[in-house]
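Worksheet for the structure shown next.
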């Protein structure tokens with residue numbers, strides 16, 4: 075049995091949420107985004123859409139191969155829930171696992187909003203052509219949306235003892251929260267510095283995830299490509315707090 | 075065992091995706107959005123966030139009560155997957171059920187984009203204060219995003235024979251696709267009329283869902299409140315095709 079992870083090359087993007095969990099859990103995978111160009115991804119997606127079987131709408135998607143059998147699953151939160159189930163990495167309590175998927179889907183929502191801070195008028199237009207709109211959208215995101223989401227994650231981290239959402243060990247929500255914090259710190263460093271003191275549990279969770287052996291090794295490798303201005307989290311100083 | 079569905083009163087919103095599936099499947103529930111005001115919802119949410127247990131970030135959420143036990147689950151796609159599992163309404167094939175959840179999450183994405191056509195600069199601002207930005211965002215949504223998503227749903231409907239995504243009967247993706255089509259037809263009637271001929275399977279699925287006994291009864295009841303300009307799908311003629 076083997077995994078191929080497909081995503082756009084050159085950016086962390088939504089693929090990074092899948093990568094981080096697999097790295098933390100020690101699940102081997104072949105990272106097709108780091109072994110090919112965008113054309114290879116486009117061709118793979120087109121072939122799947124024309125195959126007559128259910129296909130991904132967009133990357134990231136994970137292809138599990140077991141001999142001649144192949145199963146492709148898309149949507150980052152869905153992939154993470156599925157990997158957790160398949161590798162017996164759940165909490166042991168079904169209701170807790172459902173709540174953690176719910177939290178993962180809430181991270182999906184805030185990630186989409188983070189993207190829209192620099193592309194409020196649409197992904198088909200350049201940032202330079204929507205800078206004024208982006209400034210307005212980013213202000214609301216910085217001032218209202220980040221605190222609203224973070225209040226929720228901070229409360230959820232208080233449900234169980236320890237740094238993670240679960241009492242026993244890290245799960246997919248912890249690695250995704252790490253990535254959300256890293257991305258927001260990259261995109262909005264001044265605003266995130268202002269907020270740090272208000273969210274000690276979120277900061278502690280981020281720090282504990284960074285020290286997981288699989289994550290520490292990954293972050294120190296060349297597999298972790300830097301954030302950049304082609305991805306979801308972009309640092310445009312004019313969109314950060316004054 | 076009983077269900078309470080919590081959502082904002084006065085709109086269909088994301089709660090409607092849960093409602094439609096429960097109505098189609100004949101699962102009884104108490105609709106708290108139709109029995110109280112927004113303040114009741116806000117108070118319920120605040121109490122849950124302060125309870126020390128995992129809480130919803132936002133409505134819709136469904137509260138399942140079994141004697142003294144209570145379990146609350148949020149995120150429309152997550153609620154639908156959970157109800158499907160709990161009421162044994164799956165296809166019988168785990169991979170198909172996973173693909174259907176993936177499709178439901180893709181519907182979640184397009185619904186968020188539909189919302190942002192009228193609020194691209196942020197939900198905290200009035201539509202009147204972002205009409206120009208909305209016109210730009212809506213153009214890209216109408217011309218590029220709807221066809222891209224619809225191409226995908228049309229292909230997915232071709233995987234199995236019959237009008238539904240599954241070969242055997244309707245599932246949660248069918249009722250959600252119905253609502254997506256209804257909402258888009260309300261918001262963008264001219265554009266949707268242009269596109270109808272290109273998507274025969276989507277139109278057929280919508281029509282078959284409308285004729286499901288539970289859906290037909292619901293649509294004819296006063297429980298189905300009309301679309302309006304407070305919801306996700308809003309008809310602003312200036313955002314529709316010329």
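Residue numbers (the working numbering), protein chains in the order written: chain A, 75 to 316; chain B, 75 to 316. Cβ atoms here follow ideal geometry from the backbone N, Cα and C, with glycine treated the same way.
Whole angstroms are fine: how far does the CA of residue j sit from the CA of residue i?
i: residue 205(A); j: residue 170(B); result: 42 angstroms
i: residue 106(B); j: residue 156(B); result: 20 angstroms
i: residue 222(A); j: residue 216(A); result: 10 angstroms
i: residue 119(B); j: residue 129(B); result: 8 angstroms
i: residue 220(A); j: residue 116(B); result: 19 angstroms
i: residue 95(B); j: residue 168(B); result: 20 angstroms
i: residue 97(A); j: residue 284(B); result: 46 angstroms
i: residue 114(B); j: residue 161(B); result: 29 angstroms
i: residue 238(A); j: residue 269(A); result: 20 angstroms
i: residue 312(A); j: residue 86(B); result: 37 angstroms
i: residue 109(A); j: residue 84(A); result: 11 angstroms
i: residue 142(B); j: residue 235(A); result: 25 angstroms
i: residue 172(B); j: residue 316(A); result: 45 angstroms
i: residue 299(A); j: residue 77(A); result: 20 angstroms
i: residue 292(A); j: residue 124(A); result: 35 angstroms
i: residue 286(A); j: residue 214(B); result: 42 angstroms
i: residue 249(A); j: residue 137(B); result: 28 angstroms
i: residue 282(A); j: residue 301(A); result: 21 angstroms
i: residue 209(B); j: residue 296(A); result: 42 angstroms
i: residue 288(A); j: residue 294(A); result: 10 angstroms
i: residue 133(B); j: residue 93(B); result: 13 angstroms
i: residue 290(B); j: residue 256(B); result: 14 angstroms
Going by CA-CA distance only, name the one from the options that's closest to residue i.
i: residue 280(B); options: 121(B), 258(B), 75(B) and 300(B); result: 258(B)
i: residue 246(B); options: 143(B), 111(B), 164(B) and 83(B); result: 164(B)
i: residue 103(A); options: 227(A), 139(A), 119(A) and 86(A); result: 139(A)
i: residue 75(B); options: 249(B), 144(B), 253(B) and 293(B); result: 144(B)
i: residue 192(A); options: 116(A), 186(A) and 201(A); result: 201(A)
i: residue 135(B); options: 124(B), 153(B) and 142(B); result: 153(B)
i: residue 276(A); options: 294(A), 251(A), 263(A) and 298(A); result: 251(A)
i: residue 131(A); options: 95(B), 97(B) and 179(B); result: 179(B)
i: residue 272(A); options: 225(A), 173(A), 236(A) and 282(A); result: 225(A)
i: residue 267(A); options: 291(A), 314(A), 229(A) and 290(A); result: 314(A)
i: residue 182(B); options: 282(B), 88(B), 305(B) and 84(B); result: 88(B)
i: residue 310(B); options: 286(B), 282(B), 265(B) and 297(B); result: 265(B)
i: residue 303(B); options: 133(B), 262(B) and 295(B); result: 262(B)
i: residue 274(A); options: 229(A), 292(A) and 287(A); result: 229(A)
i: residue 305(A); options: 278(A), 186(A), 123(A) and 218(A); result: 186(A)
i: residue 99(B); options: 207(B), 243(B) and 213(B); result: 243(B)
i: residue 240(A); options: 166(A), 93(A), 133(A) and 101(A); result: 166(A)
Would you kindly check if the distance between the Cβ of residue j and the Cβ of residue i is under 8 angstroms?
i: residue 233(A); j: residue 126(B); result: yes
i: residue 307(A); j: residue 260(A); result: yes
i: residue 184(B); j: residue 254(B); result: yes
i: residue 188(B); j: residue 91(B); result: no
i: residue 175(B); j: residue 176(A); result: no
i: residue 195(A); j: residue 211(B); result: yes
i: residue 207(A); j: residue 207(B); result: yes
Quick test of your reading: residue i and residue j, contact by CB under 8 angstroms. State the CB separation rounded to the nearest angstrom.
i: residue 121(A); j: residue 82(A); result: Rounded, the Cβ-Cβ distance is 17 angstroms, inconsistent with contact.
i: residue 190(B); j: residue 159(A); result: So it is not a contact: roughly 32 angstroms between Cβ atoms.
Exercise. For the segment 254-283 of chain B, which residues have a beta carbon sitting closer than 7 angstroms to at least one beta carbon of chain A?
Worked result: none
Exercise. Between the segment 166-182 of chain B and chain A, which residues of the former have CB atoms less than 7 angstroms from a CB of the latter, in chain order?
Worked result: 169, 172, 173, 175, 176, 179 and 180
For this session: Can you give me, in chain order, the residues of the segment 136-147 of chain B that have a beta carbon less than 7 angstroms from any beta carbon in chain A?
Result: 145 and 147
Exercise. Of the residues that make up the segment 195-218 of chain B, which ones have a beta carbon closer than 7 angstroms to any beta carbon in chain A?
Worked result: 195, 196, 198, 207, 210, 211, 214 and 218
Exercise. Of the residues that make up the segment 146-163 of chain A, which ones have a beta carbon closer than 8 angstroms to any beta carbon in chain B?
Worked result: 147, 148, 149, 151, 152 and 156
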